[in-house]
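Following: one structure in structure tokens, then a few remarks.
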Amino acid sequence: MGWVLIPTFLIFVPLGFFIIIKKRDFKTVTIFLFGIVMLIPALYAYGKDIEETRYLYMIFPILCILASLTVEKISKKFKKENLIFIIIISAIIFSSVMFVDSKKMDYEHERESYLIAKDITNIAGGINHYSPDSKYIHIAEISNKWPVIPLPPKEENYNQLFDIKKISPEKYSSLNDYIKNSKEKGLTHLVINSEGNNVKFLEDVFLHEEKHPYLIKEYDSLDHGFNFQIEMYKIDYIKFEDFYKKD
Numbered sequence: 006m007g008w009v010l011i012p013t014f015l016i017f018v019p020l021g022f023f024i025i026i027k028k029r030d031f032k033t034v035t036i037f038l039f040g041i042v043m044l045i046p047a048l049y050a051y052g053k054d055i056e057e058t059r060y061l062y063m064i065f066p067i068l069c070i071l072a073s074l075t076v077e078k079i080s081k082k083f084k085k086e087n088l089i090f091i092i093i094i095s096a097i098i099f100s101s102v103m104f105v106d107s108k109k110m111d112y113e114h115e116r117e118s119y120l121i122a123k124d125i126t127n128i129a130g131g132i133n134h135y136s137p138d139s140k141y142i143h144i145a146e147i148s149n150k151w152p153v154i155p156l157p158p159k160e161e162n163y164n165q166l167f168d169i170k171k172i173s174p175e176k177y178s179s180l181n182d183y184i185k186n187s188k189e190k191g192l193t194h195l196v197i198n199s200e201g202n203n204v205k206f207l208e209d210v211f212l213h214e215e216k217h218p219y220l221i222k223e224y225d226s227l228d229h230g231f232n233f234q235i236e237m238y239k240i241d242y243i244k245f246e247d248f249y250k251k252d
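If you're matching positions, the sequence shown starts at 6 in this note's numbering and goes up one per residue.
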């Protein structure tokens, strides 16, 4: 929702919301009910993990009404309407420039995440989730296989099967438990970003790889000219079992 408000509505909608709830008349109730109905498709989409702002475009008319209430309130409070108009336009232009600049950075990160995912799918057979960038793994896998995408018979429901397995590390408290319990699920590599994927034991691998001799680094995105760092380690299960036998 926040991205939809930027840049034009962010300045005016919050104040407009407080203005309209004070009125509590038939028009206010109608606007709120209309807005709730328009949000139903968005709530359904977000409930299915489809995080796209296009499902919120239907409430733009409501946002415009709230923003116009703010502009009207400001205009009535100050007599110099031309000055207010210039300030409002300047604020919109400034926030728009800042927003576009930030989206450029986001685009570059997303582009690199996708290209790194393509490299990973050419090497690994099963990896950990490294949210949010692991969302590109299956997309990259399809891209690498294109145009040879196997489809089931027409009478069957379509269910694309992927070669790359993704196993979540979130419910595990240690690297040992995660690797041991994920071997049968197809885990072959650990993929870790510079923040450790927000998993403490993976962060420890990124910072102190020498403590884990059973992990063999096979990929570092920095070596391939990317600005965003992701490292990938192959798990040597023979060395892994020998290492923990010593304990």
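Using N, Cα and C, we set each Cβ at its ideal position, and we do this for glycine too.
Item: Where does V204 fall in DSSP's three states?; Value: coil
Item: Tell me whether M237 is buried or exposed, calling it buried when 16 or more other Cβ atoms sit within 10 Å of its Cβ.; Value: buried
Item: Contact defined as beta carbons within less than 8 angstroms: I believe F22 pairs with L71. What is the distance between those atoms, to the nearest angstrom?; Value: 6 angstroms
Item: Any idea what DSSP makes of P220, helix, strand or coil?; Value: Note on identity: in this sequence residue 220 is Leu, with Pro being the wrong assignment. In this structure, L220 counts as strand in the three-state DSSP scheme.
Item: For I184 and K216, I'd like the C-alpha separation in whole angstroms.; Value: 15 angstroms
Item: Using only the alpha-carbon positions, how far apart do I67 and L74 sit?; Value: 11 angstroms
Item: I need the boundaries of the beta strand (DSSP E) containing M43, first residue and last residue.; Value: Where M43 is concerned, there is no enclosing beta strand (DSSP E), although the alpha helix (DSSP H) it sits in stretches over 31-52.
Item: So is I25 buried or exposed if we call it buried at 16+ other beta carbons inside 10 Å?; Value: buried
Item: What span of residues does the beta strand (DSSP E) with G21 cover, start to end?; Value: Unbroken run through G21 is the alpha helix (DSSP H), 18-28; no beta strand (DSSP E).
Item: Nearest by alpha-carbon distance to L192: which of N198, P174, V204, E208 is it?; Value: P174
Item: Could you name the residues that DSSP lists as bridge partners for Y238?; Value: L195, K222
Item: Excluding five sequence neighbours on each side, which residues of the same chain lie with their C-beta closer than 7 angstroms to the C-beta of A47?; Value: Y60, L61
Item: Mind reading off the beta-carbon distance from I240 to Y219? Whole number of angstroms is fine, and I expect it under 8 angstroms.; Value: 7 angstroms
Item: So for N87, helix, strand or coil by DSSP?; Value: helix
Item: Please state whether DSSP places N164 in a helix, a strand or coil.; Value: Below a pLDDT of 50, predicted positions are generally treated as unreliable, and N164, at 45, falls in that range; the measurement from the model is reported next regardless. In the structure shown, N164 sits in coil (DSSP, three-state: anything other than H, G, I, E or B).
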